[in-house]
């Protein structure tokens, strides 16, 4: 294990007081001590809340063990303090990751990440933008390329890109943290159509990211939009919203297409009596893979994709940050500064 200067015994942290609590408190906790062979202690500079995360302990008890210290915000960007020599990380490295939901998050001065979750931050990417990247970018990457069937190699051209050009992708919540990445990756991989579902005030933003068509859900439902022209049907739906929006997407997906949601199993909201069958219909939870994040980082460094930040909040304003997130009107990620370096 690498050595470092003496650390203070305690740290500031946000904490969910109980598994059922809908609110957070600011408190002081002991600095975590590495206990797993791949544990890496990170000085956190910035972190991001995730919509609905204060309900995870109750909604997904198998994923959030009773022994977890309920520190929120699984995204982090920070500096390595200590790391096993075998991991390839060293003290002073600038890193970012999503910490698995089974372990304490990044809303504290120090956090433990696993080597397999971490990647080095690309040159030129600041703490705020880095913190805004892991969870959303990883979710989008895996939804499109590992679950949705779009070919990742299309990013680099060739036959894979030609095949992707024959596919149309629809994204709900397209201007949000995850949706904005799905739009960018789909466009970059050569999807023939990138349909963004969002409010009309966000149309310019999603078109700049790569959307070729926009459905303003405040004026028109997905069902009504696709009824106007059967050619508008899509091969893949990537949903981050769930509910009635996801139900409406069944009208837009082609027979034999794919429905991928990070919110709700699509079959649960499939309209009664609809005979259409999707070849794939699934809900999935992102895997916090540093290897994926490293690939994404290369694309960021080349200027081909970018994180989208809605707003930045001081640590003491965490309640306002969570309120902004829960409003449903964010255009990108909400970031909370943890250190003065952010």
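Residue numbers (my numbering): 98 to 439. Cβ atoms here follow ideal geometry from the backbone N, Cα and C, with glycine treated the same way.
Residue burial classification, residue i (beta-carbon count within 10 angstroms, cutoff 16)
| i | result |
| --- | --- |
| residue 172 | buried |
| residue 446 | Given a span of 98 to 439 for the chain in the structure shown, any question on residue 446 remains unanswerable. |
| residue 251 | buried |
| residue 98 | Its pLDDT being 40, under 50, residue 98 is placed unreliably in this model, and the value from its coordinates should be taken loosely. Exposed, by the Cβ-count rule. |
| residue 137 | buried |
| residue 187 | exposed |
| residue 365 | exposed |
| residue 382 | exposed |
| residue 315 | exposed |
| residue 227 | buried |
| residue 378 | buried |
| residue 336 | buried |
Cβ-Cβ distance between residue i and residue j below 8 angstroms
| i | j | result |
| --- | --- | --- |
| residue 277 | residue 235 | no |
| residue 258 | residue 292 | no |
| residue 103 | residue 125 | no |
| residue 349 | residue 267 | yes |
| residue 117 | residue 155 | yes |
| residue 274 | residue 429 | yes |
| residue 134 | residue 181 | yes |
| residue 130 | residue 207 | no |
| residue 414 | residue 431 | no |
| residue 216 | residue 390 | yes |
| residue 204 | residue 144 | yes |
| residue 320 | residue 345 | yes |
| residue 142 | residue 328 | no |
| residue 354 | residue 323 | no |
| residue 200 | residue 175 | no |
Closest residue to residue i among the options (Cα-Cα distance)
| i | options | result |
| --- | --- | --- |
| residue 385 | 214, 412, 352 | 214 |
| residue 238 | 342, 402, 296 | 402 |
| residue 286 | 261, 338, 332, 272 | 261 |
| residue 198 | 163, 175, 179, 362 | 163 |
| residue 342 | 318, 326, 300 | 318 |
| residue 339 | 425, 326, 282 | 425 |
| residue 325 | 312, 332, 225, 333 | 312 |
| residue 150 | 374, 113, 179 | 113 |
| residue 404 | 335, 248, 303, 352 | 303 |
| residue 410 | 242, 280, 229 | 229 |
| residue 249 | 272, 194, 282 | 282 |
| residue 347 | 209, 161, 269 | 269 |
Straight-line Cα distance separating residue j from residue i
| i | j | result |
| --- | --- | --- |
| residue 152 | residue 121 | 12 angstroms |
| residue 110 | residue 289 | 45 angstroms |
| residue 211 | residue 202 | 12 angstroms |
| residue 100 | residue 177 | Low local confidence applies: a pLDDT of 44 at residue 100 is under 50, so the model's placement there is unreliable, with the coordinate-based value given in what follows. One C-alpha to the other measures close to 11 angstroms. |
| residue 240 | residue 357 | 7 angstroms |
| residue 399 | residue 367 | 40 angstroms |
| residue 420 | residue 433 | 12 angstroms |
| residue 380 | residue 157 | 13 angstroms |
| residue 372 | residue 218 | 47 angstroms |
| residue 294 | residue 189 | 41 angstroms |
| residue 254 | residue 300 | 27 angstroms |
| residue 246 | residue 359 | 16 angstroms |
| residue 272 | residue 334 | 15 angstroms |
| residue 416 | residue 374 | 43 angstroms |
| residue 392 | residue 196 | 18 angstroms |
| residue 224 | residue 242 | 27 angstroms |
Residue i beta carbon near the ligand MG (any heavy atom closer than 7 angstroms)
| i | result |
| --- | --- |
| residue 227 | This structure lacks the ligand MG; in fact it carries no ligand of any kind. |
Residue-level contact to chain D via CB, residue i, 8 angstroms cutoff
| i | result |
| --- | --- |
| residue 311 | Of the chains in the structure shown, none is chain D; there is only one protein chain. |
Residue(s) in a DSSP beta bridge with residue i
| i | result |
| --- | --- |
| residue 127 | 107 |
| residue 145 | 172 |
| residue 396 | Answer by DSSP bridge pairing: none, since residue 396 is not bridged. |
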